[in-house]
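Number 146 in UniProt numbering belongs to position 146 of the sequence shown; there are no gaps in the numbering.
Glycine included, every Cβ here is placed at the ideal spot set by N, Cα and C.
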Amino acid sequence: MPAVATRESRQATPIRRKIAAYVALTKPRVIELLLVVTAPTMILATGGLPNLWLLVATLVGGAMSAGSAGAFNCYIDRDIDRVMKRTKNRPLVTGELTDGEALVFAYGLGIASIAWLWIFTNWVAAALSLAAILLYVVFYSLILKRRTAQNIVWGGVAGCMPVLIGWAAVTGSLDWAPFILFLIIFLWTPPHYWPLSMKYKDDYAAAGVPMLAVVRGRAQVGLQVILYAWATVACSLLLIPIADMGLVYTAVAIVVGGWFVYETHRLYNLAIRHEQVSPMRVFHGSIAYLSLLFLAVGIDPLLPF
């Protein structure tokens, strides 16, 4: 019996590794962040708790859509991923998956996501999902990423689409509130991603990707991060009158917004004094900021004040 169990485990290991490789291809951490903003948006659109099946169907479809875009991106960037230390363990670099397997998976998951959202939510959400995939794959990955330092600014539009998808899944249409949420994420993306590019500046330079940290000095990057952080917080406050947000959202937007801005100023001050900077502190802080802000978006409609 022990020998049989050993053979079975040997046979199962390649399967598990293959599954893990496909999961890695979807960039699950990005998917997690996108789902964090989708569910609260649906609560806000409903004015309470949305239908549970609709919520689950939208999150599943959104995860599939984001996973497809991530897989396409891994396929397109497989050459530079082999150069960069940060991406050296991606499945197309390690050989866990072939280029053909990745491409078939990306197309299949993308088509399935659009069909899923069309069947279980509505055609508006499905169309927005298709737009999100095209924006990330064509507009960002193929056109912008290797050509301009503003790549993440305009390429970040794709990452804003989940709030529109979530709102459309509930209402079948769009309104001013989801566009404010869209703009919050749009303005948040540069101060979220540029600190990461500061840390991996040499990686991007070696790969020939003109991230802002590669073509500009630390002080210039730090200043841009500050400006976008202030714009993000200002935009978050616009949601208060437009969506009639209550005390919880207002307090969270002000407090965590102030903390986010403080962290960006700290990064800039260290950069201009030519001291040791900690860009990942701002990177991780930006994730905490967006998560807390959208948590407040989801909680606020459930409260009577």
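query, result
"Identify the continuous alpha helix (DSSP H) that holds Glu275 and give its terminal residues.", "Unbroken run through Glu275: none, as it is neither H nor E."
"So is Arg90 buried or exposed if we call it buried at 16+ other beta carbons inside 10 Å?", "buried"
"When the Cα of Leu34 is compared with those of Ile15, Ile242, Pro50 and Gly67, which residue comes out closest?", "Gly67"
"Among Ile254, Ala63, Tyr22 and Val248, which residue has its Cα nearest to the Cα of Ile299?", "Val248"
"Please name the residue in Arg16, Leu25, Leu267 and Leu52 whose C-alpha comes closest to that of Arg78.", "Leu25"
"Give the DSSP-derived three-state secondary structure of Leu212 in the structure shown.", "helix"
"Given this structure, state the Cα-to-Cα distance separating Ala3 from Arg16, to the nearest angstrom.", "Bear in mind that the predicted position of Ala3 carries a pLDDT of just 46, short of 50, making it too unreliable to give a figure here."
"Using 9 Å as the threshold, is the C-beta distance between Leu142 and Asn151 below it?", "no"
"When the Cα atoms are used, what is the spatial distance from Ala207 to Ser173?", "41 Å"
"Quick one: is the Cβ of Leu142 within less than 8 Å of any heavy atom of the ligand MG?", "Absence of the ligand MG from the depicted structure is noted, as is the absence of any ligand whatsoever, leaving it without description."
"Quick one: what's got a C-beta closer than 7 Å to Pro301's C-beta in the same chain, skipping five residues either side?", "Ile43, Leu44, Gly47 and Gly48"
"Please determine, among Tyr289, Phe139, Cys74 and Gly159, the residue with the shortest C-alpha to C-alpha distance to Ala63.", "Gly159"
"Is Pro50 close to chain B, meaning its C-beta is less than 9 Å from at least one C-beta of that chain?", "No chain B is present in this structure, which holds just one protein chain."
"Looking at the structure shown, is Val256 part of a helix, part of a strand, or coil, going by DSSP?", "helix"
"Counting only runs of 4+ residues fully inside the stretch 173-210, write out the alpha helix (DSSP H) ranges in chain order.", "176-199 and 201-207"
"Measure the alpha-carbon distance for Ala168 versus Ala131 and round it to whole angstroms.", "13 Å"
"Cα separation between Gly246 and Val261?", "22 Å"
"I want to know whether the stretch 172-186 touches the stretch 227-236 - three or more CB-CB distances under 8 Å.", "yes"
"Tell me the DSSP secondary structure of Asn89 in three-state form.", "coil"
"The alpha helix (DSSP H) that contains Gln220, what's its start and end?", "Arg218 to Ile242"
"Please work out which residues of its chain come closer than 6 Å, Cβ to Cβ, to Ala5, disregarding the five sequence neighbours upstream and downstream, and give them in chain order.", "The predicted position of Ala5 is uncertain, since its pLDDT is 46 and thus under 50; no value can be drawn from it."
"Taking 9 Å as the threshold (C-beta atoms), are Ile242 and Ala177 in contact?", "yes"
"For Thr264 and Val255, I'd like the C-alpha separation in whole angstroms.", "15 Å"
"Kindly indicate which three-state DSSP category Leu49 falls into: helix, strand or coil?", "coil"
"Looking at Val225 and Tyr289, is the spacing between their C-beta atoms short of 9 Å?", "no"
"Among Gly155, Ala127 and Leu164, which one has its Cα closest to the Cα of Pro40?", "Leu164"
"Have a look at Asp202 and Pro190 and give me their C-alpha separation to the nearest angstrom.", "19 Å"
"Taking C-alpha atoms, which residue in Val137, Ala57, Lys199 and Ala102 lies nearest to Val23?", "Ala102"
"Using only alpha-carbon positions, find the residue among His274, Lys199 and Pro210 that is nearest to Ala219.", "His274"
"What is the DSSP secondary structure of Leu54, counted as helix, strand or coil?", "helix"
"Identify whether Val4 lies in helix, strand or coil by the three-state DSSP scheme.", "Low per-residue confidence applies at Val4: pLDDT is 47, beneath 50, and the placement is therefore not dependable, though the value from the model is reported in the following sentence. DSSP places Val4 in helix when its eight states are reduced to three."
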